[in-house]
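Colleague: Attaching a single structure in structure tokens format; questions to follow.
Residue numbers (our numbering): 3 to 297.
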């Protein structure tokens, strides 16, 4: 049994905003893959819920007039993985969300829930960071759009104010055009596993595939919230596509990340993973971009 005080079913985004304002202690429930577990465990026992599951206006992947990719927050992981727009323009995001849990979880879990829970281990997060994604938020004052980096306020906390809900994730055209990437998740098991560490690398190469025009390195479980290795990115931009640059990345990222000890992995193991995964993801991203690293 689930100890729920009340559940209110929203009929539209505007209705959801109204319900959240009327019931300020209520929590949003969509797929329920996170919320129901917390209720079952007693951490949210006796809560009020606002269900947005029936809002089809928040589902689907579309291309805007400006060629930005807009992913409705209620779009499930399985739909993102199979979507032709995702597969053509940002396949690494589809690959990343296809590593979430198992088939049942991917069928019900949503990208909105994965970002709004604020955890650093979310499989979509590091890839969305590497794409400079934007978060669309709807509330009493209308719609506002914030960079995903600003959306995460701390461990388990995101920038959602009274009466607000996340309505979409947006990947700007400039953030994916010409970029190729790869995401690696390290866990003790191949499925139904929370990431011990995750790393997503996007690269844009010069026309001759010999120079790194741009690079973005996103991490999960390398800090209290998902993050970018920005110091490393600055140092690597403009360098040759080479084994030397690959080794430099593995060294520099250790100055960006701040992992911690936990029961799941030691700080030293995570530091090793941050370095190793960045090197491997970089090499594969370069290959996908048409480049080649000798050695």
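Just so it is clear, CB atoms sit at the ideal spot from N, CA and C, and this is done for glycine as well.
Are the beta-carbon atoms belonging to residue 5 and residue 48 less than 9 Å from one another?
Modeller: In the chain shown, counting from the first residue as 1, residue 5 sits at position 3. In the chain shown, counting from the first residue as 1, residue 48 sits at position 46. Yes, the pair counts as a contact, with Cβ atoms nearer than the cut-off.
Colleague: Leaving aside the five residues before and after residue 222 along the sequence, list all residues of the same chain whose C-beta is less than 6 Å from its C-beta, in chain order.
Modeller: Reading the chain shown from its first residue, position 220 is the one you call residue 222. Answer for residue 222: 122, 123, 127, 128, 197, 200, 228, listed in chain order.
Colleague: If distances are taken between C-alpha atoms only, which option among 194, 108, 186 comes closest to residue 204?
Modeller: Within the chain shown, numbered from 1, the residue matching residue 204 stands at position 202. Residue 186 is the option with its Cα nearest to residue 204.
Colleague: With three or more C-beta pairs closer than 8 Å as the rule, is the region 230 to 237 touching the region 249 to 263?
Modeller: Because the criterion of three Cβ pairs below 8 Å is met, the region 249 to 263 and the region 230 to 237 touch.
Colleague: Between residue 298 and residue 59, how many whole angstroms is the CB-CB distance? I'm expecting something under 8 Å.
Modeller: The chain is shown only over 3 to 297; residue 298 falls outside these bounds and no answer can be derived.
Colleague: Need the endpoints of the alpha helix (DSSP H) that residue 270 sits in, please.
Modeller: As a first step, residue 270 must be located in the chain shown, where it is residue number 268. It spans 269 to 290 - the alpha helix (DSSP H) in which residue 270 sits, taken as one unbroken run.
Colleague: Quick one: give me the first and last residue of the beta strand (DSSP E) that residue 184 is part of.
Modeller: Here residue 184 refers to the residue found at position 182 of the chain shown. First-last of the beta strand (DSSP E) with residue 184: 182 to 188.
Colleague: Quick check on DSSP: helix, strand or coil for residue 66?
Modeller: In the chain shown, counting from the first residue as 1, residue 66 sits at position 64. The answer is coil: DSSP assigns residue 66 none of H, G, I, E or B.
Colleague: Compute the Euclidean distance between the alpha carbons of residue 195 and residue 79, then round it to the nearest angstrom.
Modeller: To locate residue 195, count along the chain shown from 1; it is residue 193. To locate residue 79, count along the chain shown from 1; it is residue 77. Approximately 15 Å between the Cα atoms of the pair.
Colleague: Compare the C-alpha of residue 25 against each of 11, 272, 191, 99 and name the closest.
Modeller: Counting from 1 along the chain shown, the entry for residue 25 is found at position 23. The option with the nearest alpha carbon to residue 25 is 11.
Colleague: How big is the Cα-Cα spacing for residue 2 and residue 152?
Modeller: Nothing in the structure corresponds to residue 2, since the chain is present only between 3 and 297.
Colleague: Going by C-alpha distance, which of 32, 146, 65, 135 is nearest residue 109?
Modeller: For this step, residue 109 is matched to residue 107 along the chain shown. That would be 32, whose Cα lies nearest to the Cα of residue 109.
Colleague: Taking Cβ positions, are residue 171 and residue 136 nearer each other than 9 Å?
Modeller: Taking the first residue of the chain shown as 1, we reach residue 171 at position 169. Taking the first residue of the chain shown as 1, we reach residue 136 at position 134. Yes, they are a contact pair.
Colleague: Quick check on residue 348: buried or exposed, where buried means 16 or more other Cβ atoms within 10 Å of its Cβ?
Modeller: A query on residue 348 cannot be resolved here, the shown segment of the chain reaching from 3 to 297 and no further.
Colleague: For residue 241, write down the residues that DSSP places opposite it in a beta bridge.
Modeller: If you number the chain shown from 1, residue 241 lands on position 239. Answer by DSSP bridge pairing: none, since residue 241 is not bridged.
Colleague: Is the beta carbon of residue 184 less than 9 Å from the beta carbon of residue 282?
Modeller: If you number the chain shown from 1, residue 184 lands on position 182. If you number the chain shown from 1, residue 282 lands on position 280. Contact flag set, yes.
Colleague: Quick one, are the C-beta atoms of residue 125 and residue 99 less than 9 Å apart?
Modeller: Taking the first residue of the chain shown as position 1, residue 125 is located at position 123. Taking the first residue of the chain shown as position 1, residue 99 is located at position 97. The answer is yes: Cβ separation under 9 Å.
Colleague: Below 9 Å between beta carbons: does that hold for residue 63 and residue 39?
Modeller: Reading the chain shown from its first residue, position 61 is the one you call residue 63. Reading the chain shown from its first residue, position 37 is the one you call residue 39. Taking 9 Å as the Cβ cut-off, residue 63 and residue 39 do not qualify as a contacting pair.
Colleague: With the cut-off set at 9 Å, would you say residue 240 and residue 215 are in Cβ contact?
Modeller: Residue mapping note: residue 240 aligns to position 238 of the chain shown, counting from 1. Residue mapping note: residue 215 aligns to position 213 of the chain shown, counting from 1. Cβ atoms of residue 240 and residue 215: closer than 9 Å.
Colleague: Residue 116 by DSSP, collapsed to three states: which one?
Modeller: As a first step, residue 116 is located in the chain shown; it is residue number 114 there, counting from the start. DSSP places residue 116 in helix when its eight states are reduced to three.
Colleague: Looking at the unbroken alpha helix (DSSP H) that takes in residue 105, where does it start and where does it end?
Modeller: Here residue 105 corresponds to residue number 103 of the chain shown, with the count starting at 1. Here the alpha helix (DSSP H) through residue 105 covers 105 to 110.
Colleague: Tell me whether residue 215 sits in a helix, a strand or coil according to DSSP, three-state version.
Modeller: In the chain shown, counting from the first residue as 1, residue 215 sits at position 213. Residue 215 falls in the strand class under three-state DSSP.
Colleague: Alpha carbon to alpha carbon, how far is residue 84 from residue 143?
Modeller: Taking the chain shown and counting its residues from 1, one reaches residue 84 at position 82. Taking the chain shown and counting its residues from 1, one reaches residue 143 at position 141. Distance between the alpha carbons of residue 84 and residue 143 is about 34 Å.
Colleague: Would you decide whether residue 116 is buried or exposed? Buried here means 16 or more other CB atoms lie within 10 Å of its CB.
Modeller: As a first step, residue 116 must be located in the chain shown, where it is residue number 114. Residue 116 is buried by the Cβ-count criterion.
Colleague: Return the chain-ordered list of same chain residues with a C-beta closer than 6 Å to the C-beta of residue 225, the five sequence neighbours on each side being excluded.
Modeller: The sequence position of residue 225 within the chain shown is 223, counting from 1. Excluding sequence neighbours, residue 225 sits near 260.
Colleague: What's the C-alpha gap between residue 292 and residue 139?
Modeller: What you label residue 292 is simply residue 290 of the chain shown in a count that begins at 1. What you label residue 139 is simply residue 137 of the chain shown in a count that begins at 1. Computed Cα separation, rounded: 37 Å.
Colleague: Name, in chain order, the residues that DSSP records as bridge partners for residue 8.
Modeller: To locate residue 8, count along the chain shown from 1; it is residue 6. According to DSSP, residue 8 bridges with 50.
Colleague: Rounded to the nearest angstrom, what separates residue 7 and residue 50 at their Cα positions?
Modeller: Along the chain shown, one-based indexing puts residue 7 at 5. Along the chain shown, one-based indexing puts residue 50 at 48. Going by the C-alpha atoms only, they are around 5 Å apart.
Colleague: Compute the distance between the beta-carbons of residue 113 and residue 82, then report whether it is under 9 Å.
Modeller: Looking up residue 113 in the chain shown gives position 111. Looking up residue 82 in the chain shown gives position 80. Result yes, Cβ atoms of residue 113 and residue 82 sit closer than 9 Å.
Colleague: Measuring straight from C-alpha to C-alpha, what distance separates residue 217 and residue 280?
Modeller: Position 215 of the chain shown holds residue 217. Position 278 of the chain shown holds residue 280. So the alpha carbons of these two residues sit roughly 11 Å apart.
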